[in-house]
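Under this note's numbering, the letters of the sequence shown match residues 35 to 302, in that order. All C-beta atoms in this analysis are idealised placements derived from N, C-alpha and C, irrespective of residue type, glycine included. See below for the structure under consideration.
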Amino acid sequence: MSKDQIVAYIISDCTGKTAKNLMESTAGQFPNCEVEMKTFAFVRSIEKITEVLKQAKEENAIIAYTFVKSNMRKHLNQLAESYGLKYVDMMEKPLGIVSERLDTAPKEEFALKYQLDDAYFKRIEAMEFTLQFDDLNESKGYEEADIVLVGVSRTSKTPLSVHLSYLGYKTANVPLVPEVDVHPAVLEKKDNKVVGLTIDPKLLNDIRIERLKKMGLGDDATYAAKERIDEEFKYADSIMKEIGCPVIDVTDKNIEETAVEVLSYFED
């Protein structure tokens, strides 16, 4: 393994999402380096920690972990130090600060945050709704949605919709195609729920060409032609202007950044 390559082990007594997000954000600051991430979720025994750490030693991995039980954190720390491995304990300091402020010891129980509450069921309902109304152009989806995204094909409408649904927002998305009339319910902009998405035409062309290649089609199809893209943009711009909705350029944004901007339009 070269000096520009590292392996990061994500170890958790739950899903590992928190530690993984940290390492992904960190890796993003080193775009010229390769960071391979391996996730070990639901690690809930000393024996399993030992097994994973032995594997980490072989790859000289960096470790980011979240354990709520202090004995598991202590075991991993000691073993990592004996192996000469670098590690980040993401739970010890937050637990200590909150425990000190509340003058109460943490329960050290697995996955308390994942108990089934109203927020959980709201999120599931939003996700089911969003999958049902992906790329549909009809009144029911618009009327029941919290957010409606509009834009030409390949402007990240679907992944953004799914991300917003995970946050608990019922999200419908409507493709803007010159040959298909937009449903009147969308054009009426009732309740101000519509947000438009746009992107740099050159980048869109590249994205569509890659999409065609994955589908086993040539890159000369009309779908990726400059003239077709210009036509779609002209149509989409006219529709979004008619609706009077805010428009977000997703060219240099990831899904999370775009979601934050979308939600800013719905703040009280």
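Considering Cα atoms alone, identify which of the options is closest to residue i.
i: D283; options: I277, E276, T292, K275; result: T292
i: K88; options: T100, S116, V102; result: S116
i: A2; options: G62, G202, Q112; result: Lying before the first or after the last residue shown, residue 2 is absent from the chain, which here runs from 35 to 302.
i: V184; options: S173, A270, Q112; result: A270
i: L210; options: I241, T189, E143; result: T189
i: V229; options: F74, V296, I243, G250; result: V296
i: T49; options: K72, A255, M274; result: K72
i: P280; options: N226, E244, R135, L113; result: N226
i: H109; options: E92, N66, K82, V132; result: K82
i: E213; options: R157, E265, M57, E143; result: E265
i: R107; options: N94, E142, T138; result: E142
i: V196; options: S173, R157, E92, L231; result: R157
i: S104; options: Y299, I80, K268, P218; result: I80
i: E172; options: Y154, P218, Q63; result: P218
i: E301; options: L231, I181, F167, E92; result: I181
Does the beta carbon of residue i come closer than 8 Å to any beta carbon on chain B?
i: P209; result: No chain B appears in this structure, which consists of one protein chain only.
Can you name, in chain order, every residue of its own chain whose Cβ lies under 6 Å from the Cβ of residue i, other than the five neighbours on each side?
i: T100; result: S46, T52, A53, M124, M125
i: K248; result: none
i: A75; result: S46, T49, G50
i: F144; result: D47
i: A61; result: V69
i: E93; result: V41
If I measure Cβ to Cβ from residue i and keep anything under 7 Å in the same chain, skipping five residues before and after, which residues do I get?
i: T285; result: I233, D234, L237
i: L136; result: none
i: F267; result: V186, P235
i: K260; result: N239
i: I241; result: R188
Just to check my reading of the structure: residue i and residue j have Cβ atoms closer than 8 Å, yes? What is that Cβ distance to the nearest angstrom?
i: A336; j: V122; result: For residue 336 there is no data in the structure shown, the boundaries of the chain being 35 and 302.
i: I40; j: V86; result: The pair is not a contact, with the Cβ atoms about 17 Å apart (cut-off 8 Å).
Looking at residue j and residue i, is the spacing between their C-beta atoms short of 8 Å?
i: I17; j: L165; result: One cannot answer for residue 17 here, as it falls past the ends of the chain, which runs 35 to 302.
i: V216; j: I273; result: yes
i: L221; j: E177; result: no
i: A42; j: I96; result: yes
i: G175; j: K223; result: no
i: T205; j: S199; result: yes
i: A111; j: D169; result: The question names Ala, but residue 111 in the sequence shown is Asn. No, the pair does not count as a contact, with Cβ atoms beyond the cut-off.
i: P140; j: V102; result: yes
i: L113; j: T138; result: no
i: A90; j: L119; result: yes
For residue i, which residues of its own chain have a beta-carbon under 8 Å away from its beta-carbon, when the five flanking residues on both sides are left out?
i: D38; result: N66, C67, E68
i: K287; result: E295
i: S133; result: A139, P140
**Request:** Within the region 89 to 130, note down every full beta strand (DSSP E) run reaching 3 residues or more, in order along the chain.
**Result:** The region 89 to 130 contains these whole beta strand (DSSP E) runs: 96 to 100, 121 to 123.
**Message:** To test your reading of the DSSP string, which unbroken beta strand (DSSP E) runs of 3 or more residues are found completely within the region 223 to 299?
**Reply:** Complete beta strand (DSSP E) runs here, min 3: 228 to 232, 281 to 283.
**Request:** Just list the alpha helix (DSSP H) runs in the region 155 to 231, keeping only unbroken ones of 4 residues or longer that don't cross its boundaries, in chain order.
**Result:** If one requires a minimum length of 4 residues, the alpha helix (DSSP H) runs lying completely within the region 155 to 231 are 173 to 178, 191 to 200, 218 to 221, in chain order.
**Request:** Return the chain-ordered ranges of every beta strand (DSSP E) run that is complete within the region 50 to 92 and spans a minimum of 3 residues.
**Result:** Fully enclosed beta strand (DSSP E) runs of 3 or longer: 68 to 74.
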